[in-house]
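For reference, the structure discussed in these notes is given below.
Numbering (this note's numbering), first residue to last: 1 to 276.
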């Protein structure tokens, strides 16, 4: 009963919380200097292929080394994969407050830009907050084409990553590691303590035993991904899902060989047909 009451209270206060975050972002963060941190990505990869790399167990079967020269977005604790691959993302995004609290020290060691949600700044010590760039999440779920202004509220950071890739002008997008399959209880969007090894991510210690993690909302994720696909299609751009064994059925599925053809420019897919 108490849990339900708290959830309802948080939901009712959400519009106010997001309004405050928008006001503080515009008043205290956005400036000619800080805006450049996001504007530098505008159309940076226009017309180029780009990877959006999730954190599912399938990454352990994905030869990311082959795509080290492709612009890419990594998410959350993706750096835990680095000891096993020479691939590195071009940028890392995170919007999960718990992940920020657990992992900000690790990101400081990276020679990679890290962009966090403005609301999660409270979980980074003030002395190092300027080490990161920040994006604003709004209370609306609409897919945003202007990442420097705001980002549609997401059930998963992957939705934010797709909005970022759109901002970069990339086409096509190839998705790896979005397995869309979780071993968890019946309740979605709930923080709980991890018991045993983490089987939902590429590393068994991604959320180590005893640490907090947020359960997935698969239906919410699918809704977000449909909005992403619609936005890309409206711009005559493409998203392909090359996740090995992935359970997501929103984006067009392609094999690893087809992903290689797209990413190496060998002419697979609708864009090649249009060019031909």
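Backbone N, C-alpha and C define an ideal beta-carbon position, used for all residues, glycine too.
Among the residues of its own chain, which have a CB less than 6 Å from the CB of residue i, if the five just before and after it don't count?
i: residue 120; result: 97, 100
i: residue 4; result: Confidence at residue 4 is low in this model, with a pLDDT of 44, below 50, so its placement is unreliable and no value can be given for it.
i: residue 43; result: 169
i: residue 87; result: 64, 65, 68
i: residue 252; result: 240
i: residue 25; result: 118, 136
i: residue 8; result: A caution first: residue 8 carries a pLDDT of 46, below 50, which makes its placement in the model unreliable, though a value can still be read off. Taken in chain order, the list of residues that qualify is empty.
i: residue 107; result: 114
Could you tell me the boundaries of the beta strand (DSSP E) in which residue i lies?
i: residue 133; result: 133-135
i: residue 75; result: 72-75
i: residue 227; result: Looking at the DSSP string, residue 227 is not in any beta strand (DSSP E); the run it does join, the alpha helix (DSSP H), is 218-234.
i: residue 241; result: 239-241
i: residue 191; result: 191-193
i: residue 51; result: 50-53
In the structure shown, what three-state DSSP assignment does residue i receive?
i: residue 253; result: strand
i: residue 206; result: coil
i: residue 98; result: helix
i: residue 248; result: coil
i: residue 69; result: coil
i: residue 198; result: coil
i: residue 79; result: helix
i: residue 56; result: coil
i: residue 276; result: Because residue 276 carries a pLDDT of 38, less than 50, the predicted location of this residue cannot be relied on, and no value is offered for it.
i: residue 258; result: helix
i: residue 20; result: helix
Tell me which same chain residues have a C-beta within less than 7 Å of the C-beta of residue i, skipping the five on either side of it?
i: residue 263; result: 49, 67, 70, 174
i: residue 143; result: 152, 163, 227, 228, 231
i: residue 45; result: 71, 168, 169, 170
i: residue 58; result: 177, 179, 243, 244, 245, 246
i: residue 80; result: 203, 206
i: residue 14; result: 139
i: residue 210; result: 193, 194
i: residue 76; result: 55, 94, 96, 99, 157
i: residue 250; result: 222, 225, 226, 229
Starting from residue i, trace the alpha helix (DSSP H) in both directions and tell me its first and last residue.
i: residue 212; result: Looking at the DSSP string, residue 212 is not in any alpha helix (DSSP H); the run it does join, the beta strand (DSSP E), is 212-214.
i: residue 38; result: 32-39
Residue i: buried (16+ other C-beta within 10 angstroms of its C-beta) or exposed?
i: residue 127; result: exposed
i: residue 130; result: exposed
i: residue 198; result: buried
i: residue 85; result: exposed
i: residue 200; result: buried
i: residue 183; result: exposed
i: residue 122; result: exposed
i: residue 132; result: buried
i: residue 150; result: buried
What residues in its chain sit with their C-beta under 8 Å from that of residue i, if we drop five residues either side in the sequence?
i: residue 273; result: Residue placement at residue 273 is poorly supported in this model, since its pLDDT is 40, which falls under 50; the coordinates still yield a value, given next. Within the same chain, residue 273 has no close Cβ partners at all.
i: residue 110; result: 79, 92
i: residue 185; result: 192, 215
Q: For the stretch 104-189, list the alpha helix (DSSP H) runs that are entirely contained and at least 4 residues long, ordered along the chain.
A: 157-167
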